[in-house]
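I have placed the structure first, in the form of C-alpha cells, so that the comments after it can refer back to it.
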Amino acid sequence: MCIMRHFFRRKSSCQIAKDRLKILLISDRVNCSPELMELIKTDIAKVISKYMKIDADNMEIQINTKGSKSGRGGSKPVLYANIPIVDVSAAQDLALKQ
Amino acid sequence: MGNEFSKEQKSSEVIVVTSGKGGVGKTTTSANVGTGLAKLGKKVCLIDTDIGLRNLDVVMGLENRIVYNLVDVVEGNCRIKQALIRDKRHPGLYLMPSAQTRDKSAVSPGQMVKVIEHLKEQFDYIILDCPAGIEQGFQNAIAGADRALVVTTPEVSAIRDADRIIGLLEANGFKKMELIINRLRMDMVKRGDMMSAQDVVDILAIPLIGIIPDDENVVISTNQGEPLVGGSSPAGQAYANVVQRVLGKEVPYLNFDRGISFWTRVSGIFHRA
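Residue numbers (the numbering used here), protein chains in the order written: chain A, 46 to 143; chain B, 15 to 287.
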C-alpha cells in the first residue's frame with residue numbers, strides 16, 4: 046500500500062485531514078457559512094467581470110489567515126480570491142463600454 | 015520536596031477537564047490526573063459534573079459506595095462531606111459523584127461555584143470532569159474552574175470540537191488552557207495516516223501538557239476500576255508526566271516510537287493475505 050501510494054504521489058490521509066481542518070476551523074472561527082461564501086463569490090465575479098473577462102467557474106475564494114500558521118490570537122482572517130483572467134486586453138474595452 | 019511552604023500560601027487550583035466531543039478520554043484523564051496528584055500527597059477532590067450520565071465513579075472503581083451525590087448537595091439533602099467518597103487506596107483522594115437519575119438542569123453554574131468555594135478550603139486540587147457538549151453541563155463544569163485541560167484525539171472531528179471549546183473557554187475568560195492529545199498511534203503517524211502531536215498543537219495553538227499513546231492498558235484499567243497512572247504501561251507513564259506538568263514541573267515527552275516488533279510485522283503479513 047505504502048509503495049503504491051509513493052508511486053502515485055497520493056496525498057497522505059494526515060495531509061488531507063490537516064488541509065480539511067485548516068479550512069473548516071477558519072470558517073468555524075469567523076462563523077462564515079459556505080452559503081455566504083458562495084454569495085460573496087458570485088458577487089465578486091459580477092463586479093470583476095464588469096472590467097475584464099474572467100473564468101468565473103474556476104475562481105476560488107477562501108478565508109485564510111495572514112502570516113502565522115495558526116489563526117488563534119495574533120493574526121486576523123483574510124479573504125483570498127483566486128480569479129483566472131481569460132482576456133486582459135478585453136479589460137479596457139469592457140470598462141469603456143460601461 | 016520543598017513545596018510544603020509554598021502550599022501554605024497557594025490557594026487550591028480548580029481544573030476542568032473538557033473536550034467538546036464525547037469519548038475522547040475526559041473521564042479517563044480526570045481519573046488519572048486526580049489519582050496521580052493524590053499519589054504525590056496532594057489532597058484532591060474529583061467532581062463528576064455529568065449529571066444523568068455519570069461515569070467517573072466506575073472508572074475510579076467507587077460505584078458501590080455512592081450514597082449521596084452532587085445534586086443532593088446542591089438541593090440541601092445532605093452536607094458536602096456526606097457526598098464525598100474517600101478512595102481507600104489513596105489517602106487524600108475523594109470523589110463527588112454525579113446524579114444518575116436527573117438531568118443537567120438540576121444544577122446551575124452559580125450553585126457549582128458555591129460548592130467549589132466550600133471544597134477549596136479542604137483540597138489542594140479540585141478536578142471537574144466535564145460532560146460532552148457545549149450546553150448547560152459544560153457551563154456548570156467551567157463556572158468555578160480557573161484552569162482547563164482540553165482533551166482531544168488526533169482526529170478531524172475531535173479537533174474541530176476542541177477548537178470550538180477553546181473558543182468558548184476564551185470567551186469565558188480562561189487564561190490557562192492546556193492540551194492533552196490522547197490515543198496517539200506512532201505507527202500511524204509514521205505512515206502518514208495520523209496527525210502528529212505537533213500538527214495538532216499547530217492547529218489548536220494552545221500549550222501542550224500531555225501526549226497519551228493509544229494503549230490497551232487503559233481499557234484493562236477501566237475494567238478493573240483502577241486508574242493506571244504511575245504504572246509501567248505507556249499510558250500510565252504518560253499520565254504520570256501529565257501530573258508532573260500540572261504541578262508546574264518540566265518533564266520531557268516520552269518516546270513512544272519503539273518500532274513495530276518482529277511478531278507484529280509477521281502477523282501483519284498473514285492478516286493482509
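No residue lacks a Cβ here, since even glycine has one placed at the ideal position from N, Cα and C.
Asked: Going by Cα to Cα distance, which pick from 134/B, 74/B, 162/B, 50/B is closest to residue 239/B?; Found: 74/B
Asked: Give me the Cα-Cα distance between residue 129/A and residue 81/A, rounded to the nearest whole angstrom.; Found: 21 Å
Asked: Which residues in chain B sit within 9 Å of residue 59/A, going by Cβ to Cβ distance?; Found: 168, 202, 203, 205, 206, 207, 208, 209, 210, 213
Asked: Given a cut-off of 8 Å, decide if residue 197/B and residue 167/B are closer than it, judged by their beta-carbon atoms.; Found: yes
Asked: If you draw a straight line from the alpha carbon of residue 98/B to that of residue 63/A, how long is it in whole angstroms?; Found: 44 Å
Asked: Hey, quick one: how far does the alpha helix (DSSP H) through residue 80/B stretch, first residue to last?; Found: No alpha helix (DSSP H) holds residue 80/B; DSSP gives it neither H nor E.
Asked: How about residue 147/B: is its C-beta nearer than 8 Å to some C-beta of chain A?; Found: no
Asked: If contact means a Cβ-Cβ distance below 9 Å, which residues of the segment 175-198 of chain B contact chain A?; Found: 177, 178, 180, 181, 184
Asked: Please return the same chain residues whose Cβ sits closer than 7 Å to the Cβ of residue 56/B, not counting the five positions on each side in sequence.; Found: 106, 138, 139
Asked: With DSSP as the reference, label residue 91/B as helix, strand or coil.; Found: coil
Asked: So which residues on chain B does residue 73/A lean against when the C-beta distance must stay under 9 Å?; Found: 174, 177, 178, 181
Asked: What do you get for residue 133/A, buried or exposed, if any count of 16 or more other CB atoms within 10 angstroms of its CB means buried?; Found: exposed
Asked: Looking at the C-beta of residue 124/A, does it have a partner C-beta in chain B at a distance below 8 Å?; Found: no
Asked: Are the CB atoms of residue 93/A and residue 106/A within a distance shorter than 8 Å?; Found: no
Asked: Please give me, in chain order, every unbroken run of the alpha helix (DSSP H) with length at least 4 that falls completely inside the segment 169-217 of chain B.; Found: 170-185, 200-205
Asked: Residue 107/A bridges to which residues according to DSSP?; Found: 125/A
Asked: Determine the contact status of residue 76/B and residue 44/B, defining contact as a CB-CB distance below 8 Å.; Found: no
Asked: Based on the DSSP output, what are the partners of residue 111/B in its beta bridges?; Found: The partner list for residue 111/B (beta bridge, DSSP) is empty, contrary to what the question assumes.
Asked: So, are the CB atoms of residue 118/B and residue 65/B less than 8 Å apart?; Found: yes
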